[in-house]
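2 protein chains.
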Amino acid sequence: MAKRPGEFELIAELFAPLAASYPGALDLKDDAALIETPAGQYLVATTDTLVSGVHFLPDDPPDSVARKLLRVNLSDLAAKGARPTVYLLALSMPESIDMTWLRAFAAGLAADQKEFGIALAGGDTTSTPGPLTLTVTALGEIGQGKEIRRSGARVGDSVFVSGTLGDAALALKALKGELGGLGEADRAALIARYRLPQPRLALGQALVGIATACCDVSDGLIADLGHICAASAVGAEVAAGHLPLSPAARAALGGNPDLIASIAAGGDDYELVFTAPPRRAAEVRARADDAGVAVTEIGRCVAERGVTLLDAERRPISLVAGGWRHF
Amino acid sequence: MAKRPGEFELIAELFAPLAASYPGALDLKDDAALIETPAGQYLVATTDTLVSGVHFLPDDPPDSVARKLLRVNLSDLAAKGARPTVYLLALSMPESIDMTWLRAFAAGLAADQKEFGIALAGGDTTSTPGPLTLTVTALGEIGQGKEIRRSGARVGDSVFVSGTLGDAALALKALKGELGGLGEADRAALIARYRLPQPRLALGQALVGIATACCDVSDGLIADLGHICAASAVGAEVAAGHLPLSPAARAALGGNPDLIASIAAGGDDYELVFTAPPRRAAEVRARADDAGVAVTEIGRCVAERGVTLLDAERRPISLVAGGWRHF
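Quick mapping for you: the protein sequence lines, in order, are chains H and P.
Residues in the first sequence are numbered from -16 upward in steps of one, following my numbering.
Residues in the second sequence are numbered from -16 upward in steps of one, following my numbering.
Encoded structure:
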């Protein structure tokens, strides 16, 4: 176990290199960061916390914890159509977090900074008698008036979702030993999706000017589509049979059809759910193709409020709760 | 005990009202906030975490915890000369935090929003099996090139500090029962300063164009002046006899002269320590007067590196550590 040095040494060794590419970070040696936003752009800001034992498992690999921490925040920027620029990082660390852990964590941040073209602009480190608690505030840019809000969905709009749904919820079940009969490859595929979500940044930016509303799927498809509906004063019907599933989720569902509720209500997918007029469906698909991600039309906005999941005979499927809630 | 409702109800009742005055907060119903920075201005960003039992005491009044949380962040903006605009708030709450506590906490935020002209722009709430952990990311504005950095101090510059030093460190000793022989009024005065620091925003803004370097005193005078010196490649000599003391700190010091080390090295004062050319001292005083805060000249920047605390005979006073470190 490599003992942890003091705060300043920690910042100098691990975090200052992550800020080196961003002059406004002032090498993390100042009280605050200086951020320049081009004229005509909004700065887009979001913050999300991950707590060990709540949002990730204590023995999850540190680099994947780092990348998930960044990605859940980037996913919020993706939902607005924004381009991420920098982030601030606050770590509250128990004594058990040593330099070996932190070096792997910083390596994960570095890998994702490279992947997403972002830099660390500032932060805070402190000790805690509790579990590791990590907060990122991610900042991005979008042309003023170009942002995709949750409130623009209209009755008749088609509902789309990117990628596949339910993998993270099923992974959590698998990790807890609640999902039997799954092959090793399928199990590994689900866990990889849970640990390393893909923020749909290219898709979000491609949807500017075409999506009428957008939200990332963090609380679960039904809950997050519900957020769009509430903000837009519409409802939505979703066809359970149209939900896009990974081969692993399809295998799990084959063994237990009731898992469809977990898939529709489970959180942590970090896909985008969005709405657009049906006449623009082909354009949506073309833009998604360009962004390198599949999108699936799963339903439609209706006048009657609420989100309804329908089976093949258009009968509502009951869901245990309104999604995935952390408390 | 008023049971805590779900995340969305909590946000709607307690936090959305704190965001109502800021359109870019999108009523806290969206994935991210939209922040407009005027042309020619930097957005200034800082983040700080407070952990219950580490940075405040579990039985501290919730409204003072809220205000301290905001103020430690605003203090960082003050050190840059920036004007605060909005903040993001991430709360990780144990089950023991109930609605009574949270309502008082939100009232504290509301009071300080009014005092400092800021609004809540976004946030995150989550549960934790550990202690209450609160992270604020504060955002402000400053004209590009106007910001006061830590790196501008020059040999021969005078060193100034605002307000009084050591009150917070002495309060912590008093609260822990390590400070005997203090009258009740003095004790209460120290504790009030510990619980409710005064971010020196007006002073920071008044120092733009005159201070060559500035830092807020969060780690302790010696450590934070050390940050200025390190960033500016200078050293500093500070006269212990010139450190500005409150009547309560003066009373405590009268009973135990060794406390001067705690006063010089103790953290959490949230005053500003800054440098300026001696020929501008009168102007510094005039601007501080206008900002409604006293400033005291306590020393001078020298070529020899490091910060030295000198007694009346100019002999160095030994300090236990390089300031106040959280770990």
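For each residue, glycine too, the CB sits at the ideal point set by N, CA and C.
Only a predicted model underlies this, so the values are computations on that prediction, with no experimental measurement involved.
For H/K97, no Cβ of chain P is located within less than 8 Å of the residue's own Cβ. The beta strand (DSSP E) runs of length 3 or more contained entirely in the stretch 26 to 102 of chain P are, from start to end of the chain, 66 to 76.
Between the beta-carbon of P/S201 and that of P/D251 there is about 7 Å, and that keeps the pair under the 8 Å contact cut. When secondary structure is reduced to three states using DSSP, P/Q24 falls in the strand class.
Following the DSSP letters along the chain, one finds P/A219 inside the beta strand (DSSP E) bounded by residues G218 to A222. Close to chain H, meaning a Cβ-Cβ distance shorter than 9 Å, are the following residues of the stretch 27 to 50 of chain P: V27, A28, T29, T30, D31, T32, L33, V34, S35, G36, V37 and H38. A contact between stretches requires three or more CB pairs, one per stretch, nearer than 8 Å, and the stretch 25 to 33 of chain H fails this requirement with the stretch 162 to 177 of chain H. Taking H/P67 as the centre and dropping the five residues before and after it, the same chain places the C-beta of L57, L60, F99, I101, A121, G123 and L184 closer than 7 Å to its C-beta, in chain order. Interface flag for H/E(-8) against chain P is unset, since no Cβ pair is found closer than 8 Å. Exclusion of the five residues before and after H/D241 leaves no residue of its chain whose Cβ lies closer than 6 Å to its Cβ. No Cβ of chain H is located within less than 8 Å of the beta carbon of P/D81. Straight-line measurement puts the Cα of H/D169 at about 23 Å from the Cα of H/L255. In the pairwise beta carbon analysis, the stretch 13 to 22 of chain P is classified as not touching the stretch 207 to 225 of chain P: fewer than three pairs are separated by under 8 Å. Distance from H/L292 to H/A247 at the Cβ level is roughly 5 Å; contact confirmed, criterion being Cβ atoms closer than 8 Å. DSSP, read as helix, strand or coil, puts P/S245 in helix.
Listed along chain P, the residues sitting closer than 8 Å to H/Y25 by beta-carbon distance are G7, L17, I18 and E19.
Rounded to whole angstroms, the gap between the alpha carbons of P/V191 and P/G64 is 6 Å. In this structure, the beta-carbon distance from P/I131 to P/C197 falls below 8 Å. DSSP places H/L236 in the uninterrupted alpha helix (DSSP H) bounded by P230 to G238.
The beta-carbon of H/R133 is placed less than 8 Å from the nearest beta-carbon of chain P. No residue range can be given for H/S201, since it is assigned to no alpha helix (DSSP H) and is classified by DSSP as neither H nor E.
Contact between the stretch 68 to 82 of chain H and the stretch -7 to 7 of chain P is not established, with fewer than three Cβ pairs separated by less than 8 Å. Rounded to whole angstroms, the separation of the alpha carbons of P/G160 and H/G249 is 50 Å. Neighbourhood of H/K156 in chain P, by CB distance below 8 Å: empty, with the nearest CB roughly 20 Å away. Using a Cβ-Cβ cut-off of 8 Å, H/E(-4) is close to nothing in chain P; its nearest Cβ partner there is about 15 Å away. When C-beta distances to chain H are compared with 9 Å, the residues of the stretch 57 to 85 of chain P below that value are S58, D59, L60, A61, A62, K63, A65, V69, L71, L72, A73, L74, S75, M76, P77 and E78, in chain order. A direct Cα-to-Cα measurement between H/G91 and H/A265 gives close to 37 Å. At a cut-off of 8 Å between C-beta atoms, P/C212 does not count as an interface residue with respect to chain H. Nearest to H/A157 by alpha-carbon distance, out of H/L173, H/S145, H/T108 and H/T147, is H/L173. The alpha-carbon separation between P/I18 and H/R298 amounts to approximately 43 Å. Neighbourhood of P/C198 in chain H, by CB distance below 7 Å: D14, in chain order. In this structure, the straight-line span from the alpha carbon of P/Y253 to that of P/P227 is close to 14 Å. By the neighbour-count criterion, in which a residue is buried when 16 or more other Cβ atoms sit within 10 angstroms of its Cβ, H/R262 is exposed.
Under the three-state reduction of DSSP output, H/S110 falls in the strand class. Residue-level contact by beta carbon holds for P/D107 and chain H, with a gap shorter than 8 Å.
In this structure, H/L186 lies away from H/K51, with their beta-carbon atoms at least 8 Å apart.
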